[in-house]
């Protein structure tokens, strides 16, 4: 439940600075908080779990599509940066539309990878 309050507080702060007229600050907060979430909030628990498995020192993740999802995420990030560079690092409604389309495209592709729409990435969960 605390994650909801933290996310809500972050959203309200970003909304307030946007209303004041600092939209770039809100966008920077968005990118910075997501980078922190990915690197620390995912990385630290994995580090602790890996260290607790001292016999093997590794974790097994059952997702054959993880490589493709990661490459898709990297591609969408590069496309977002190219879009920002093309708009001379200014935010406008066109950049917002491109970011929204990139987000939806990433979510759709990630779901399609995990659901084996583009090939057999993941084995069936139950014996047939």
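Residue numbers (full-length UniProt numbering): 1 to 128.
Ideal Cβ placement from N, Cα and C applies to all residues, glycine included.
Bear in mind the structure is a predicted one, so any value in this text is a computation, not a measurement.
Residues of the same chain with a CB within less than 6 Å of the CB of residue 87, apart from the 5 flanking positions on each side, are 95 in chain order.
Ranked by how close their Cα comes to the Cα of residue 71, the residues 110, 9 and 115 have 110 in first place. Per the Cβ contact rule, the region 35-49 is not in contact with the region 77-92 (fewer than 3 Cβ pairs under 8 Å). The alpha carbon of residue 103 has as its nearest neighbour, out of 74, 33 and 63, the alpha carbon of 74. Looking at the backbone, the Cα of residue 14 and that of residue 56 are separated by about 43 Å.
One Cα belongs to residue 63, the other to residue 126, and the distance between them is close to 15 Å.
Here the C-alpha atom of residue 83 lies approximately 37 Å from the C-alpha atom of residue 123.
Judged by DSSP secondary structure, residue 89 falls outside any alpha helix (DSSP H); it is assigned neither H nor E. For residue 13, the three-state secondary structure derived from DSSP is helix. Sixteen is the threshold: when 16 or more other Cβ atoms of the shown chains lie within 10 Å of the Cβ of residue 113, as they do, the residue is buried.
For the options 18, 20, 50 and 115, the alpha carbon positioned closest to that of residue 68 is the one of 115. If the five residues before and after residue 118 are omitted, its C-beta is found closer than 7 Å to the C-beta atoms of 112, all from its own chain and listed in chain order.
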